[in-house]
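Enquirer: Numbering follows the UniProt record's numbering, with no gaps: position 147 of the sequence shown is 147.
I have a structure here, written as structure tokens, and I will follow up with some questions on it.
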Amino acid sequence: MGFDRDVLLRAGIERAQAFAAVSSGDNSNIISARAARETFGVERVVARIYDAKRAAVYERLGIPTVATVPWTTDRLLHALTRESDTTKWRDPSGSVVVTELALHEDWIGKRVTALEAATGARAAFIIRFGTGVLPDAKTVIQDSDEVYVSAVSGRAAEAMAIAAQPPGEDADDDHGGAR
Numbered sequence: 001m002g003f004d005r006d007v008l009l010r011a012g013i014e015r016a017q018a019f020a021a022v023s024s025g026d027n028s029n030i031i032s033a034r035a036a037r038e039t040f041g042v043e044r045v046v047a048r049i050y051d052a053k054r055a056a057v058y059e060r061l062g063i064p065t066v067a068t069v070p071w072t073t074d075r076l077l078h079a080l081t082r083e084s085d086t087t088k089w090r091d092p093s094g095s096v097v098v099t100e101l102a103l104h105e106d107w108i109g110k111r112v113t114a115l116e117a118a119t120g121a122r123a124a125f126i127i128r129f130g131t132g133v134l135p136d137a138k139t140v141i142q143d144s145d146e147v148y149v150s151a152v153s154g155r156a157a158e159a160m161a162i163a164a165q166p167p168g169e170d171a172d173d174d175h176g177g178a179r
């Protein structure tokens, strides 16, 4: 069945608060993780997989996954590019991140759509005066806004670098009806 029930029982699976399946086999890991959840009632489970394409299938089964090779490579690259300082969330395959942008002060008064066009990232949300705001096409960046964007992880560092520079001359600042 992909796991040894007696070994799990001796290890205290019935009292476990979490379970991580990290063997060398993707199928064994998903079976073990599902058994931990469905047979032994462990609420927090995760399965390590080598094949990142399987992540979506396993996620639909309710098992969070970590695809080690893409994830590890991504983490190494971002540690070297300093993106890890602001990355707040990463999908299980490591291909999409949500990161906070450190904006150049000249972005204040510009529409979020101009920032999106310049960086190639999508504005996920803004923390404005301590409250989360979902931006739309009319949203204008204000002083002290904390802007979070979603981006393909390989492009997030570039988006951060662009946002740290003044906007180009073509950036929209006709923002009538600012939000």
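Ideal placement from N, C-alpha and C gives every residue a C-beta, glycine not left out.
1) From residue 160 to residue 41, what distance separates their C-alpha atoms?
2) Does the stretch 19-27 come close enough to the stretch 44-56 to have 3 or more Cβ pairs within less than 8 Å?
3) So, with DSSP's three-state summary, where would you put residue 31?
4) Mapping DSSP to helix, strand and coil, what is residue 146?
5) On a CA-only basis, which of 38, 52 and 53 is nearest residue 62? Give me that one, please.
6) Please list the terminal residues of the continuous beta strand (DSSP E) segment that includes residue 115.
7) What residues in its chain sit with their C-beta under 7 Å from that of residue 146, if we drop five residues either side in the sequence?
8) Residue 119 and residue 137: beta carbons closer than 8 Å?
Expert: Working from what's here:
1) Going by the C-alpha atoms only, they are around 42 Å apart.
2) Because the criterion of three Cβ pairs below 8 Å is met, the stretch 19-27 and the stretch 44-56 touch.
3) When secondary structure is reduced to three states using DSSP, residue 31 falls in the helix class.
4) Assignment of residue 146 by DSSP, reduced to helix, strand and coil, places it in the strand class.
5) Looking at 38, 52 and 53, the one whose alpha-carbon comes closest to that of residue 62 is 38.
6) Counting along the chain, residue 115 falls outside any beta strand (DSSP E), though it belongs to the alpha helix (DSSP H) covering 112-119.
7) Closer than 7 Å at the Cβ level, and outside the excluded window around residue 146, lie 100, 126 and 127.
8) At least 8 Å separates the beta-carbon of residue 119 from that of residue 137.
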